[in-house]
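Chains as they are written, first to last, in the working numbering: chain A, 1 to 322; chain B, 323 to 596.
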């Protein structure tokens, strides 16, 4: 029987990352009381952002030791707060941070781990999770049988929570004893993607390109993305070929997205790509191959040479939105 | 360097859209067993770390592969042996007796016996898509981890510099061995793995290596031992219980538009997304 949820917030650039709001949505849907744990360097200041979401309290572990996202540094404090507060469900968003640290926390708590879930139902105090398997081609229902549970939630499927008013009390918690494993990991550097565009997980519109764009990936897509305020994504083939950086990859093993509007441009639609964008509200596909599998999931398909169609689309959109 | 690589066979991921659900049960009948692609990348990475790329036949270290599965799963192990792994272990068990946690606990016991310097695994198996065993294993062992590795540089036998593919770019970590590293797609690019044995100028072909017929024959003679799950852990309890499966909701059929202006018109007045 689950009774109390600990939502683990993720920090980025001295602020709570928006992806955290999906984990809050999970807590609300589970219908159980919850607290939010903000941990990181500068967590105290950042915590103010999440006091208005109806949490019983916001717990802060603010320490320079947690400046960089190193799982061995975060897991001990998350587990310690869960234990001392009697939380029996710990939830993270399934970002690269959540996926990295979630299982370590589960092992520390001897907890079962339900990864990357896309739904939760409260069944008389028991939580039943739904999660996509086989590249999203089937949904599994599952339960965790351990007294403590750890869950990671798919950001694209748990709509970001809005503040509900009120002001949760903020309390400090101490950094947990350091994990010996942490002494054997040294943070060397972060090569942050330099982009003016919105994050793939948060964008309302995504413009994704495939290998067909070749070296003109940015030249063709940037004007369209810029006009729409869109994030840019890519197929695995485009990333592997070096036309787009790896962090733009949308798919089963890259980012999973569900924007209002998704453009698949020169993307054939491999199963692995579809797994990452099938949840989008409206899908547009532009491809010169009329038999490309992408057309099977597209709401609007245009069979055309993208090098002509995309510039024309930019012109027409400018007219239509003028 | 001694490297342990856990392998899993999965129902053909390129035909994952053919999985069926019958009375709440998942069926993969008709789908061929294939090695989990990320595990193949882990084997390739292990081989690159233990050889001079200009002379890949001489192994400078040891690569041990392990799988959890029935007798037929040995095909996956033999495949890895044929590409260059030295020996193999099969834990005799079926998928329904396992979850990621039990696999990690059993692997941690195996690691205590085998004492590898490094466990290299795929970041996720593409059937369950869980992405958990490497991290669980690292925690159970008290070892450091570097997940989603897109590059690995082995400077000496004591540490690795790993470029992790994360949401906002790349995080570079230096992990002191022994450690667990889980690999991502880009790890098999021509220059992703730098070992101290291989000259910097060497370029690997993109992707994983294929075994020659001779190597496939020779692999049949390489050591493959069977173990029982009970040899590794007395606690075979599962922490996750799958209670049913369903197919995802189908998307409604879309339409083909004839021109860019028609597309814009539809997006504006029909989909109302502009």
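Note that CB positions come from ideal geometry on N, CA and C, so glycine has one too.
Please read these numbers as outputs of a predicted model, since none were measured by experiment.
Chain A contact for residue i (CB, 8 Å cutoff)
{"i": "residue 423 of chain B", "result": "yes"}
{"i": "residue 487 of chain B", "result": "yes"}
{"i": "residue 479 of chain B", "result": "no"}
{"i": "residue 467 of chain B", "result": "yes"}
{"i": "residue 493 of chain B", "result": "yes"}
{"i": "residue 593 of chain B", "result": "yes"}
{"i": "residue 417 of chain B", "result": "no"}
{"i": "residue 496 of chain B", "result": "yes"}
{"i": "residue 433 of chain B", "result": "no"}
{"i": "residue 564 of chain B", "result": "yes"}
{"i": "residue 328 of chain B", "result": "no"}
{"i": "residue 507 of chain B", "result": "yes"}
{"i": "residue 338 of chain B", "result": "yes"}
Local conformation of residue i per DSSP, three classes
{"i": "residue 223 of chain A", "result": "helix"}
{"i": "residue 76 of chain A", "result": "helix"}
{"i": "residue 478 of chain B", "result": "coil"}
{"i": "residue 491 of chain B", "result": "strand"}
{"i": "residue 180 of chain A", "result": "helix"}
{"i": "residue 214 of chain A", "result": "helix"}
{"i": "residue 121 of chain A", "result": "strand"}
{"i": "residue 113 of chain A", "result": "strand"}
{"i": "residue 81 of chain A", "result": "helix"}
{"i": "residue 418 of chain B", "result": "helix"}
{"i": "residue 266 of chain A", "result": "coil"}
{"i": "residue 204 of chain A", "result": "coil"}
{"i": "residue 132 of chain A", "result": "strand"}
{"i": "residue 350 of chain A", "result": "Here chain A covers residues 1 to 322 and nothing more, so residue 350 of chain A does not appear."}
{"i": "residue 292 of chain A", "result": "coil"}
{"i": "residue 498 of chain B", "result": "strand"}
{"i": "residue 427 of chain B", "result": "helix"}
{"i": "residue 172 of chain A", "result": "strand"}
{"i": "residue 9 of chain A", "result": "coil"}
{"i": "residue 472 of chain B", "result": "strand"}
{"i": "residue 279 of chain A", "result": "coil"}
{"i": "residue 596 of chain B", "result": "coil"}
Residue-level contact to chain B via CB, residue i, 8 Å cutoff
{"i": "residue 299 of chain A", "result": "yes"}
{"i": "residue 287 of chain A", "result": "no"}
{"i": "residue 213 of chain A", "result": "no"}
{"i": "residue 116 of chain A", "result": "yes"}
{"i": "residue 89 of chain A", "result": "no"}
{"i": "residue 86 of chain A", "result": "no"}
{"i": "residue 197 of chain A", "result": "no"}
{"i": "residue 243 of chain A", "result": "no"}
{"i": "residue 186 of chain A", "result": "yes"}
Closer than 7 Å: residue i CB and nearest the ligand NAP heavy atom
{"i": "residue 455 of chain B", "result": "The model on display carries no ligand, and the ligand NAP is accordingly not part of it."}
Residue i - containing alpha helix (DSSP H), residue span
{"i": "residue 103 of chain A", "result": "96 to 108"}
{"i": "residue 49 of chain A", "result": "Per DSSP, residue 49 of chain A belongs to no alpha helix (DSSP H) and is neither H nor E."}
{"i": "residue 311 of chain A", "result": "306 to 321"}
{"i": "residue 456 of chain B", "result": "455 to 463"}
{"i": "residue 398 of chain B", "result": "396 to 405"}
{"i": "residue 240 of chain A", "result": "236 to 240"}
Proximal chain C residues relative to residue i, where beta-carbon distance stays under 7 Å
{"i": "residue 391 of chain B", "result": "Any reference to chain C falls outside this structure, whose protein chains are A and B."}
Residue span of the beta strand (DSSP E) that contains residue i, given as start and end
{"i": "residue 282 of chain A", "result": "282 to 287"}
{"i": "residue 30 of chain A", "result": "Element bounds for residue 30 of chain A: not the beta strand (DSSP E) but the alpha helix (DSSP H), 20 to 30."}
{"i": "residue 62 of chain A", "result": "58 to 62"}
{"i": "residue 14 of chain A", "result": "Note, residue 14 of chain A: premise wrong, no beta strand (DSSP E); not H, not E."}
{"i": "residue 40 of chain A", "result": "34 to 40"}
{"i": "residue 192 of chain A", "result": "185 to 192"}
{"i": "residue 138 of chain A", "result": "138 to 144"}
{"i": "residue 333 of chain B", "result": "331 to 333"}
{"i": "residue 253 of chain A", "result": "From DSSP, residue 253 of chain A is part of no beta strand (DSSP E); its letter is neither H nor E."}
{"i": "residue 301 of chain A", "result": "300 to 303"}
{"i": "residue 92 of chain A", "result": "89 to 93"}
*Output the residue ranges of the beta strand (DSSP E) runs that lie fully inside the stretch 504 to 585 of chain B and measure 3 residues or longer, sorted by chain position.*
546 to 550, 562 to 568 and 577 to 579
*Considering only residues of the stretch 343 to 393 of chain B, which uninterrupted beta strand (DSSP E) runs meet the minimum length of 3 residues and lie entirely inside it, listed in chain order?*
347 to 349, 355 to 357 and 384 to 391
*Name the residues in the stretch 340 to 361 of chain B whose C-beta lies less than 7 Å from a C-beta of chain A; which are they?*
341, 343 and 348
*Using a Cβ cut-off of 9 Å, which residues of the stretch 50 to 84 of chain A contact any Cβ in chain B, in chain order?*
68, 69, 70, 71, 72 and 75
*asked:* By the 9 Å beta-carbon criterion, what residues does the stretch 442 to 462 of chain B contribute toward chain A?
replied: 445, 446, 448, 449, 450, 451, 452, 453, 454, 455, 456, 457, 458, 459, 460, 461 and 462
_Interfacial residues, the stretch 566 to 579 of chain B to chain A, with Cβ spacing under 7 Å_ = 566, 567, 568, 569, 570, 573, 576, 577, 578 and 579
_chain A contacts from the stretch 525 to 554 of chain B (Cβ-Cβ distance under 8 Å)_ = 528
*the stretch 246 to 273 of chain A: positions lying closer than 9 Å to chain B by Cβ*: 246, 247, 249, 252, 253, 254, 255, 260, 261, 270, 271 and 272
*Could you run through the stretch 367 to 379 of chain B and flag, in chain order, every residue whose CB is less than 7 Å away from some CB of chain A?*
none
*Note down, in chain order, all residues in the stretch 138 to 159 of chain A with a beta-carbon under 8 Å from any beta-carbon belonging to chain B.*
138, 139, 140, 141, 142, 143, 144, 145 and 146
_Residues, ordered as in the chain, of the stretch 92 to 106 of chain A that lie near chain B by beta-carbon distance below 9 Å_ = 94, 95, 96, 97, 99, 100, 101, 102, 103, 104, 105 and 106
*Going along the stretch 306 to 320 of chain A in order, which residues come within less than 7 Å of chain B, judged by CB to CB distance?*
309, 312, 313, 316, 317 and 320
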